[in-house]
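Undergrad: Just dropping this structure here.
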Amino acid sequence: MTHILFVCTGNTCRSPMAEALLRQMARQRGVTVEVRSAGVAASRGVPISRQAEAVLRDHSIDDRLTSSPLDADLVEWADLILTLTGSHKSHVLRHFPHAFERTFTLKEYVEDDPNVLGDLEEFDSLTASAELSRALGEAPEASARQRMIELRQRIPQFDISDPFGGSRDEYESTAAEIRAALDRLLDKLQNESRP
3 MTHILFVCTG NTCRSPMAEA LLRQMARQRG VTVEVRSAGV AASRGVPISR QAEAVLRDHS
63 IDDRLTSSPL DADLVEWADL ILTLTGSHKS HVLRHFPHAF ERTFTLKEYV EDDPNVLGDL
123 EEFDSLTASA ELSRALGEAP EASARQRMIE LRQRIPQFDI SDPFGGSRDE YESTAAEIRA
183 ALDRLLDKLQ NESRP
């Protein structure tokens with residue numbers, strides 16, 4: 003069974019919607035997963051937003067979800083950590099660098115365009131080299147910095163929009179964005195489990 007952890011900011015909108023939607027969608031498709039969510043700036047036990055709860059209720063989901071702060075126990079529990087934005091991913095990697103190989107943004111993880119995947123791999127490699135240079139007190143090479151800029155401009159935006167404080171329509175739009183990515187995630191999980 004795959005343990006999947008979704009991470010956003012306060013764990014009251016995007017990540018709990020992703021958690022509940024994936025749990026339901028996986029059950030409907032016969033995919034066995036265990037799902038949790040957390041926030042990089044969450045307090046423990048805060049109910050999800052009324053708008054997120056209403057969107058989930060529209061999908062016949064009546065889970066009673068409350069917020070959890072991201073901590074070492076959740077990171078260790080997770081086989082796969084899927085963040086809702088690149089900044090959430092950066093936060094996870096800064097605080098839990100050992101989770102590097104299993105931490106992605108949700109949209110990045112389900113991306114299947116080989117050109118985009120190649121750009122991502124090159125960008126991650128250049129970023130790691132630049133961070134190592136900085137840690138050693140050296141400046142990253144100018145050519146590497148320039149290449150990172152070029153790649154950053156080509157790589158698509160992998161952030162899920164933040165509906166916090168927005169209208170019901172904004173929450174619906176975010177939920178649709180999450181559902182589309184979760185469909186691709188389930189396809190990927192099913193393909194990986196086939197012999």
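Quick note on this note's numbering: the sequence shown kicks off at 3 and runs consecutively.
Glycine included, each C-beta is placed from N, C-alpha and C at the ideal position.
1) Note down the Cα distance separating glutamate 55 from valine 112, rounded to an integer number of angstroms.
2) Kindly identify the DSSP beta-bridge partner or partners of phenylalanine 8.
3) Name the DSSP bridge partner or partners of proline 158?
4) If we call anything under 8 Å between Cβ atoms a contact, is alanine 101 one with valine 77?
5) What does the alpha-carbon distance come out to for the pair alanine 132 and threonine 11?
6) Exposed or buried, proline 165, counting other C-beta atoms within 10 Å across all chains shown (16 or more means buried)?
7) Apart from the five residues on each side of it in sequence, which residues of its chain come closer than 6 Å, Cβ to Cβ, to aspartate 185?
8) Give the single residue among Glu21, Ile157, Asp171 whose Cα lies nearest to the Cα of alanine 80.
9) Near glutamate 179, what residues of its chain come up, given a Cβ to Cβ distance below 8 Å and the 5 sequence neighbours on each side ignored?
10) Taking all protein chains shown into account, do 16 or more other C-beta atoms lie within 10 angstroms of the C-beta of asparagine 13, making it buried, or fewer, making it exposed?
11) Relative to the C-alpha of leucine 72, which candidate in Ala137, Ser175, Asp115, Pro18 has its C-alpha closest?
12) Answer with buried or exposed for serine 169, where buried requires no fewer than 16 other C-beta atoms within 10 angstroms of its C-beta.
13) Using alpha carbons as the reference points, say which of Met27, Ala177, Ser69 lies closest to arginine 38.
TA: In short:
1) Numbered from its first residue, the sequence shown carries residue 55 at position 53. Numbered from its first residue, the sequence shown carries residue 112 at position 110. Glutamate 55 and valine 112: Cα-Cα distance of roughly 25 Å.
2) The sequence position of residue 8 within the sequence shown is 6, counting from 1. The partner list for phenylalanine 8 (beta bridge, DSSP) reads Ser39, Leu84.
3) Counting from 1 along the sequence shown, the entry for residue 158 is found at position 156. According to DSSP, which records beta bridges pairwise, proline 158 is partnered with nothing at all.
4) Position 99 of the sequence shown, counted from the first residue, corresponds to residue 101. Position 75 of the sequence shown, counted from the first residue, corresponds to residue 77. In this structure, valine 77 lies closer than 8 Å to alanine 101 by Cβ.
5) The residue given as residue 132 occupies position 130 in the sequence shown. The residue given as residue 11 occupies position 9 in the sequence shown. Between alanine 132 and threonine 11, the C-alpha separation is close to 27 Å.
6) Within the sequence shown, the letter at position 163 stands for residue 165. Buried, because 16 or more other Cβ atoms sit within 10 Å of the Cβ of proline 165.
7) Within the sequence shown, the letter at position 183 stands for residue 185. Nothing listed; no residue qualifies.
8) Along the sequence shown, read from residue 1 onward, the residue named residue 80 stands at position 78. Ranking Glu21, Ile157, Asp171 by Cα distance to alanine 80 puts Glu21 first.
9) In the sequence shown, the residue the question calls residue 179 occupies position 177. Contacts found: Ile162, Ser163.
10) The count along the sequence shown starts at 1 and reaches residue 13 at position 11. With 16 or more other Cβ atoms within 10 Å, it is buried.
11) The residue labelled residue 72 in the question sits at position 70 within the sequence shown. With distances taken between Cα atoms, leucine 72 lies closest to Pro18.
12) Residue mapping note: residue 169 aligns to position 167 of the sequence shown, counting from 1. Exposed is the call here.
13) Start at 1 with the first residue of the sequence shown, and residue 38 comes out as number 36. Nearest of Met27, Ala177, Ser69 to arginine 38, Cα basis: Ser69.
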